[in-house]
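Residue numbers for the sequence shown follow my numbering, so the first one is -17 and each next one is one higher.
Shown next, in structure tokens, is the structure this report addresses.
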Amino acid sequence: MAKKSPLSPEARSIINARVSRRAVLAGIGGVGAAGALAACGSGGDSAASGELVRWGNWPLYLDFDEANKTYPTLDKFTEATGIETKYFEDYNDNDEFYGKVQAQLKLNEDIGYDLVSPTDWMAARWIRLGYAQKFDAANIPNKTNILDTLASPSYDPKRESTLTWQGIMGGFGWNTEKNPKGVRTLDDLFAPANKGKIVVLSELRDTIGIILLAQGADPATVTEDQFMNAVDFMAGKISDGWIRGVKGNEYAEDLTSGDATAVIGWSGDMFILASENEGKFDFAIPESGGTISGDNLLIPSTATPEAKASAEKLINWYYDPAIAAEVAAYVNYVTPVKGAQAEMEKIDPDLAKSEYIFPTEATMKNLSVFRSLTPTEETAWTEAFQKAAGN
-17 MAKKSPLSPE ARSIINARVS RRAVLAGIGG VGAAGALAAC GSGGDSAASG ELVRWGNWPL
43 YLDFDEANKT YPTLDKFTEA TGIETKYFED YNDNDEFYGK VQAQLKLNED IGYDLVSPTD
103 WMAARWIRLG YAQKFDAANI PNKTNILDTL ASPSYDPKRE STLTWQGIMG GFGWNTEKNP
163 KGVRTLDDLF APANKGKIVV LSELRDTIGI ILLAQGADPA TVTEDQFMNA VDFMAGKISD
223 GWIRGVKGNE YAEDLTSGDA TAVIGWSGDM FILASENEGK FDFAIPESGG TISGDNLLIP
283 STATPEAKAS AEKLINWYYD PAIAAEVAAY VNYVTPVKGA QAEMEKIDPD LAKSEYIFPT
343 EATMKNLSVF RSLTPTEETA WTEAFQKAAG N
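See below:
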């Protein structure tokens, strides 16, 4: 007997239609406009009442109803709790977002968000500097649903201030017409057909991590000399005209426009590009290994107690396996929630088998986590990477 889908009819139609999220963003003028348009609910810009959660996240990272310009799972949260949400696609790069709110954080002034979504290493910085609040566990009973492999990261070993939003696999993406044999090694990436049309990520842990693995070094134990050698390799490819850009999320637009034919990119983005372009694009974990990291749900130190409680209820909502599966069916990143795979069987059995969302043990063994850096290393290594990237 067929199992009943937990999706609303609206959400089901979104998934079945495979709506082009990039077309949605392009049609309303990019990420900034999308963030303004995507604000859900009728609350104002102040979260003082606690009945509003203002969430800053990355583009293309939540189920979206193109016809109504709404987010179905957020709408259902409001219906269930009475808490309004404003959702902003304001992340393009971790350092860029942090730079935008850093001054207010230092002054303990409202930063305009009650929930933010930094990647692991940036979440570590927020925690280290005292910019993250500790959760009230009573408001997040679903916290126990986090995958065992994600339950005790070095920067937050008891998960007191963060929970993973989605897991991110870094690897090679490519235009299949220009790279008919695929891209699975660094030599494949820097094939003559791709010269001048390669884009790499501005997230140094992904770009340098993949270069390190290709050079036989382990990002989990990387030394300064190994890191700088990898940076020098990237800098040489930029100066020699192979790499056209070092970018955040906008690298995907370079692929769709034809300005790029091969990238170091993220699995979820590449899955969507492939599904929306009839196989024109593909993705693979490099033979030498890829990277894995996570973006996190974190409540800033500047959120009011009332807004914090509401944000915790929102976090708990997304750690319900059925809701997590609904999001994963749309974003196609690694879901961090136990039970989501069983729920995905009810939505789309093919997606329940997807390595992008539920990587097998064999795939996980070929993925590396970049080690935590000391504050001194983070400053010096970031400056070296950005200098090489021309920033």
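Glycine included, every Cβ here is placed at the ideal spot set by N, Cα and C.
Discussion item. Does residue 332 come out as helix, strand or coil in the three-state DSSP assignment?
Written reply: Translated into positions along the sequence shown, residue 332 becomes position 350. In this structure, DSSP gives residue 332 a helical state, which the three-state scheme calls helix.
Discussion item. Quick check: what's the CA-CA separation for residue 276 versus residue 174?
Written reply: Here residue 276 corresponds to residue number 294 of the sequence shown, with the count starting at 1. Here residue 174 corresponds to residue number 192 of the sequence shown, with the count starting at 1. Taken atom to atom, the span from the alpha-carbon of residue 276 to that of residue 174 is near 33 Å.
Item to complete: State the Cα-Cα distance for the pair residue 342 and residue 89, rounded to the nearest angstrom.
Response: Looking up residue 342 in the sequence shown gives position 360. Looking up residue 89 in the sequence shown gives position 107. Taking the CA atoms as reference points, residue 342 sits about 45 Å from residue 89.
Worksheet item: Anyone know if the C-beta pair for residue 184 and residue 229 falls short of 8 Å?
Response: If you number the sequence shown from 1, residue 184 lands on position 202. If you number the sequence shown from 1, residue 229 lands on position 247. Taking 8 Å as the Cβ cut-off, residue 184 and residue 229 qualify as a contacting pair.
Worksheet item: In angstroms, rounded to a whole number, what distance separates the CA positions of residue 320 and residue 242?
Response: For the purposes of this step, residue 320 is taken as residue 338 along the sequence shown, with counting starting at 1. For the purposes of this step, residue 242 is taken as residue 260 along the sequence shown, with counting starting at 1. Annotation: residue 320 to residue 242 spans about 37 Å, alpha carbon to alpha carbon.
Worksheet entry | Cross-strand partners of residue 64 (DSSP beta bridge) | Residue 64 sits at position 82 when you count from the first residue of the sequence shown. Note: residue 64 sits in no beta bridge, so no partner.
Worksheet item: When burial is assigned at 16 or more other CB atoms within 10 Å of the CB, is residue 116 buried or exposed?
Response: Translated into the one-based positions of the sequence shown, residue 116 becomes position 134. Here residue 116 is exposed. Its C-beta has fewer than 16 other C-beta atoms within 10 Å.
Discussion item. Using only CA atoms, which one of 151, 196, 331 and 76 lies nearest to residue 252?
Written reply: Here residue 252 is taken as the residue at index 270 of the sequence shown, counted from 1. Per the C-alpha coordinates, the member of 151, 196, 331 and 76 positioned closest to residue 252 is 151.
Item to complete: Look at residue 268 and residue 154 and say whether their C-beta atoms are less than 8 Å apart.
Response: Stepping through the sequence shown from its first residue, residue 268 is reached at position 286. Stepping through the sequence shown from its first residue, residue 154 is reached at position 172. It is a contact, given that the beta carbons lie within the stated cut-off.
Practice prompt. Give every residue of the same chain whose Cβ lies closer than 7 Å to the Cβ of residue 353, excluding the five residues on either side of it in the sequence, and list them in chain order.
Written response: Numbered from 1 along the sequence shown, position 371 holds the residue referred to as residue 353. If you ignore the 5 residues before and after residue 353, its C-beta comes within less than 7 Å of the C-beta of 201, 202, 203 and 204, all in its own chain and listed in chain order.
Discussion item. Using 8 Å as the threshold, is the C-beta distance between residue 87 and residue 345 below it?
Written reply: Sequence index remark: in the sequence shown, residue 87 carries index 105 (1-based). Sequence index remark: in the sequence shown, residue 345 carries index 363 (1-based). No, Cβ-Cβ distance for residue 87 and residue 345 is not below 8 Å.
Worksheet item: Can residue 314 and residue 250 be called in contact, C-beta distance under 8 Å?
Response: Position 332 of the sequence shown, counted from the start, is the residue given in the question as residue 314. Position 268 of the sequence shown, counted from the start, is the residue given in the question as residue 250. Yes, these two residues count as a Cβ contact at 8 Å.
Discussion item. On the CB-based measure, 16 or more other CB atoms within 10 Å of its CB, does residue 317 come out buried or exposed?
Written reply: Sequence index remark: in the sequence shown, residue 317 carries index 335 (1-based). With 16 or more Cβ atoms within 10 Å of its Cβ, residue 317 is classed as buried.
Fill in: Between the CA atoms of residue 138 and residue 433 - distance to the nearest angstrom
As displayed, the chain neither begins before -17 nor continues past 373, which places residue 433 out of reach and without an answer.
Worksheet item: On the three-state DSSP scale, how would you describe residue 171?
Response: Within the sequence shown, residue 171 is the residue found at index 189, counting from 1. Three-state result, residue 171: helix.
Worksheet item: Would you call the CB atoms of residue 279 and residue 97 closer than 8 Å?
Response: Taking the first residue of the sequence shown as 1, we reach residue 279 at position 297. Taking the first residue of the sequence shown as 1, we reach residue 97 at position 115. In this structure, residue 279 places its C-beta atom within 8 Å of the C-beta atom of residue 97.
Item to complete: Report yes if the C-beta distance between residue 180 and residue 83 is below 8 Å; otherwise report no.
Response: On the sequence shown, position 198 is the one that residue 180 refers to. On the sequence shown, position 101 is the one that residue 83 refers to. Pairing residue 180 with residue 83 gives a Cβ-Cβ distance that is not under 8 Å.
Worksheet item: Helix, strand or coil: how does DSSP classify residue 148 here?
Response: As a first step, residue 148 is located in the sequence shown; it is residue number 166 there, counting from the start. DSSP, reduced to helix, strand and coil, places residue 148 within a strand of the structure shown.
Worksheet item: Do you know offhand how far residue 235's Cα is from residue 331's?
Response: Here the question's residue 235 lines up with position 253 in the sequence shown. Here the question's residue 331 lines up with position 349 in the sequence shown. CA-to-CA, the gap between residue 235 and residue 331 works out to about 30 Å.
Worksheet item: CA-CA distance, residue 129 and residue 42?
Response: As a working note, residue 129 is residue 147 in the sequence shown. As a working note, residue 42 is residue 60 in the sequence shown. A direct Cα-to-Cα measurement between residue 129 and residue 42 gives close to 23 Å.
Worksheet entry | Identity of the residues DSSP links to residue 278 by a beta bridge | In the sequence shown, residue 278 corresponds to position 296, counting from 1. DSSP links residue 278 through a beta bridge to 146.
Discussion item. Starting from residue 37, trace the beta strand (DSSP E) in both directions and tell me its first and last residue.
Written reply: Within the sequence shown, residue 37 is the residue found at index 55, counting from 1. Element bounds for residue 37: 34 to 38.
Worksheet item: Is the beta carbon of residue 224 sitting closer than 8 Å to the one on residue 172?
Response: To locate residue 224, count along the sequence shown from 1; it is residue 242. To locate residue 172, count along the sequence shown from 1; it is residue 190. Yes, they are a contact pair.
Worksheet item: In three-state DSSP terms, what is residue 110?
Response: The count along the sequence shown starts at 1 and reaches residue 110 at position 128. Here residue 110 carries a helix assignment [DSSP, helix/strand/coil].
Discussion item. Short of 6 Å in beta carbon distance, which residues of its chain neighbour residue 186, apart from the five on each side in sequence? Order them along the chain.
Written reply: Translated into positions along the sequence shown, residue 186 becomes position 204. Excluding sequence neighbours, residue 186 sits near 367.
Worksheet entry | residue 3, DSSP secondary structure in three states | Position 21 of the sequence shown holds residue 3. Because the pLDDT of residue 3 is 36, which lies under 50, any placement of that residue in the model is unreliable, and the number read from its coordinates should be weighed accordingly. In the three-state scheme derived from DSSP, where H, G and I count as helix and E and B as strand, residue 3 is classed as helix.
Discussion item. I need the straight-line Cα distance from residue 159 to residue 48, nearest angstrom please.
Written reply: The residue labelled residue 159 in the question sits at position 177 within the sequence shown. The residue labelled residue 48 in the question sits at position 66 within the sequence shown. So the alpha carbons of these two residues sit roughly 29 Å apart.
Item to complete: Just the C-alpha distance for residue 270 and residue 156, rounded to the nearest angstrom, thanks.
Response: Counted from its first residue, the sequence shown places residue 270 at position 288. Counted from its first residue, the sequence shown places residue 156 at position 174. Rounded to the nearest whole angstrom, the CA to CA distance from residue 270 to residue 156 is 17 Å.
Fill in: Cβ pair residue 39, residue 71 closer than 8 Å
Position 57 of the sequence shown holds residue 39. Position 89 of the sequence shown holds residue 71. Yes, they are a contact pair.
Discussion item. Which same chain residues end up closer than 6 Å to residue 37 when comparing Cβ atoms and leaving out the 5 residues on each side of it in sequence?
Written reply: On the sequence shown, residue 37 is found 55 positions in, with the first residue counted as 1. These residues qualify, in order along the chain: 69 and 97.
Worksheet item: Do you know how far the Cα of residue 370 is from the Cα of residue 218?
Response: On the sequence shown, residue 218 is found 236 positions in, with the first residue counted as 1. On the sequence shown, residue 370 is found 388 positions in, with the first residue counted as 1. When rounded, the distance between both Cα atoms is 9 Å.
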